[in-house]
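Quick notes on the structure that follows.
2 protein chains.
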Amino acid sequence: MEQKLPQYKKLYEILRKHILSGAYEEGSMLPSENELCAVHGVTRPTVRQALEALVRDGYIIKKQGKGSIVKKPPQDIGILSISGTASAIGQQYLKTQILSKPQIMAWPENFSYELTDVERESGRIYLERLRLVNDQPVFYDINNLPNINLPRFTSRSFENKSLFELLRSNYQIEITGGEQKLKAIKATKQISELLKIKTGDPVLYLERKLNTNREGFHIYSTIYFNSEKHSIFGTF
Amino acid sequence: MEQKLPQYKKLYEILRKHILSGAYEEGSMLPSENELCAVHGVTRPTVRQALEALVRDGYIIKKQGKGSIVKKPPQDIGILSISGTASAIGQQYLKTQILSKPQIMAWPENFSYELTDVERESGRIYLERLRLVNDQPVFYDINNLPNINLPRFTSRSFENKSLFELLRSNYQIEITGGEQKLKAIKATKQISELLKIKTGDPVLYLERKLNTNREGFHIYSTIYFNSEKHSIFGTF
DNA sequence: TATTTTAACTTGTATTTACAAGTTGTGTAT
DNA sequence: ATACACAACTTGTAAATACAAGTTAAAATA
């Protein structure tokens with residue numbers, strides 16, 4: 001499992017882990033660039049590359065003459081993130097329930113998005129999940145990803161684990177961007193039962209296509225979000 | 237007006253202008269890094285800083301061993317991330333109706349977001365608009381901006397003009413990012429009348445705080461979006 | 001001719017060095 | 001004690017250099 005990542009990425013991973021694990025308090029200072037150089041045995045440009053990536057991903061804020069301030073990024077669920085009523089939603093309260101285990105199947109004839117030849121010919125991995133905060137259903141998502149070079153994927157456990165985190169840690173697939181369509185719709189009977197709300201209540205509806213660092217590898221999702229007690233939160 | 241920008245920023249501005257002006261076709265190659273070094277008399281790290289910024293802002297895509305490919309410029313602060321309604325719907329069909337002319341008032345006691353001292357002490361400019369596509373109301377927005385160094389603002393005309401465009405062209409204020417909260421709610425009587433839908437119909441509700449290139453200058457908006465016939469589209 | 005190898009590009013990673021510019025606390029002079 | 005100057009930090013910008021790794025097309029080979 002020893003991967004030969006570039007040094008700046010290694011450092012990025014280390015610092016990211018430290019920040020997420022709470023080793024640095026929110027608002028506190030990261031060690032100075034020169035200190036990081038000394039500790040990790042790399043030069044300043046390398047350290048700066050790592051810090052730059054952390055800035056880009058929202059983990060720290062840099063201030064000239066001062067230092068790098070740790071800014072724990074909002075609880076993110078993929079690109080999205082949700083913010084709850086007052087009390088923060090820790091990962092520990094977010095549960096994932098698999099409604100339909102990942103299975104390989106063909107793409108539907110008229111899919112919402114245009115597929116590349118490779119994607120279409122490889123088939124898709126289909127996956128339905130219901131995600132709960134404090135045991136209350138918050139959103140229901142349907143995911144499609146091309147079945148390209150994802151060994152053992154269908155047999156991995158998704159319980160209480162982000163799909164994106166799994167893709168990142170096991171296959172080095174990272175989301176680089178995407179596009180999405182948003183609507184507010186009335187909950188159908190099926191959706192209202194899943195999200196435990198009344199039929200006809202407003203539901204956030206998202207349709208999204210995510211790009212990754214793998215050329216021609218996209219993730220297609222449809223999401224129904226119960227915004228009664230929670231909101232979708234995002235920075236840009 | 238000769239600003240002493242860093243060299244990499246100067247190069248960034250030059251290349252950005254060239255891309256936007258169409259000097260490089262979409263999909264074509266930018267000169268290689270070494271060529272840019274020679275032409276502009278800087279070293280490769282400097283060129284790379286400029287290109288990195290162009291990648292970050294979505295103007296080019298870099299491919300190792302190949303080069304930098306020019307991408308179509310997105311960039312218009314819309315409803316969702318960067319690139320939204322204005323570009324999605326087409327500016328020409330979008331009309332703006334001012335429901336409440338910009339007026340100066342104090343900030344409410346318990347505002348949704350935390351304000352800086354300067355913001356609070358300066359008061360706010362309050363502004364309500366209804367925006368229409370094909371003469372059908374699509375969204376209603378309430379905007380608050382701090383009354384800091386905005387001469388003649390309340391007397392300017394907003395009809396059929398983007399608030400952001402006005403801020404940029406008259407005050408050199410540009411949106412650099414922000415955060416937002418999203419919900420699907422039932423339309424109240426007031427909202428349903430404004431958007432010409434039925435009371436209780438689902439409406440997209442957005443609350444957002446936008447950051448600008450002016451330190452400590454934020455724009456706070458609340459938006460009600462009628463997603464019956466339109467969706468909010470965004471790339472990220 | 002078809003295939004493989006190689007050379008000449010491209011961007012990616014990394015070191016070393018230097019100085020500029022912003023921030024903060026310490027020390028001195030008032 | 002207060003105000004100011006300065007020193008000692010911090011990050012920002014920039015150069016010169018080297019090699020690694022991916023891409024492409026020309027050249028050599030079968």
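Each protein sequence line maps, in turn, to chains A and B.
Residue numbers for the first sequence follow our numbering, so the first one is 1 and each next one is one higher.
Residue numbers for the second sequence follow our numbering, so the first one is 237 and each next one is one higher.
The beta-carbon is built from N, C-alpha and C at its ideal position, and this holds for glycine as well.
The straight-line gap separating the alpha-carbon atoms of GLU128/A and PRO373/B is approximately 36 Å. Any Cβ of chain A closer than 7 Å to the Cβ of ILE409/B would place that residue at the interface, and such an atom is absent. Residue pairing from DSSP leaves ALA423/B without any beta-bridge partner.
Distance between THR412/B and LEU446/B, taken at the CA atoms: about 8 Å. In the structure shown, the three-state DSSP call for GLN285/B is helix. Comparing alpha-carbon positions, the option among LEU166/A, TYR220/A, LEU163/A lying closest to GLU179/A turns out to be TYR220/A.
Within chain A, ALA184, PRO202, VAL203, LEU204, SER227 have C-beta atoms less than 7 Å from the C-beta of ALA420/B, given in sequence order. Straight-line measurement puts the Cα of PRO146/A at about 12 Å from the Cα of THR212/A. If you look at TYR295/B, you'll find it isn't in any beta strand (DSSP E); DSSP assigns it neither H nor E.
Counting only runs of at least 4 residues, the segment 8–45 of chain A fully encloses the following alpha helix (DSSP H) elements, listed from N- to C-terminal order: 33–40. Boundaries of the alpha helix (DSSP H) harbouring GLU165/A: 163–171, taken from the DSSP string. Contacts with chain A at 7 Å (Cβ-Cβ) include PHE469/B. In the DSSP secondary-structure assignment, SER68/A is bridged to LYS62/A. With contact defined as three or more Cβ pairs closer than 8 Å, the segment 285–293 of chain B and the segment 243–250 of chain B are in contact. Between the C-alpha atoms of CYS273/B and TYR407/B there is a straight-line separation of about 34 Å. Excluding the 5 residues flanking it on each side, LYS432/B has same chain C-beta neighbours closer than 6 Å at PRO373, in chain order. Between ALA184/A and PRO438/B, the CB-CB gap stays under 7 Å. As DSSP reads the structure, VAL439/B sits in a beta bridge with ILE421/B.
Linking HIS18/A to GLY294/B through their CA atoms gives a straight-line distance of about 30 Å. ARG156/A is bridged by DSSP to nothing; it lacks a bridge partner. Shown here, GLU345/B sits in coil according to DSSP, grouped into three states, outside any helix or strand.
Within the same chain, Cβ atoms closer than 6 Å to the Cβ of ARG131/A are found at THR96, VAL138, PHE139, the five residues on either side in sequence being excluded.
Excluding the 5 residues flanking it on each side, VAL118/A has same chain C-beta neighbours closer than 6 Å at GLY216, in chain order. Spanning the alpha carbons of THR43/A and ALA23/A requires a straight line of approximately 23 Å. Within 9 Å of the CB of LYS417/B, the CB atoms of chain A belong to SER83, SER231, ILE232, PHE233, GLY234, in sequence order along the chain. The beta-carbon separation of SER68/A and LEU30/A, rounded to 4 Å, stays under the 8 Å limit for a contact.
ASN380/B is the residue among ASN380/B, ILE334/B, ASP371/B whose C-alpha sits nearest the C-alpha of PRO344/B. A residue is called buried when at least 16 other Cβ atoms come within 10 angstroms of its Cβ; ILE334/B does not meet this threshold and is exposed. In this structure, SER112/A sits away from VAL70/A, with a CB-CB distance that is not shorter than 7 Å.
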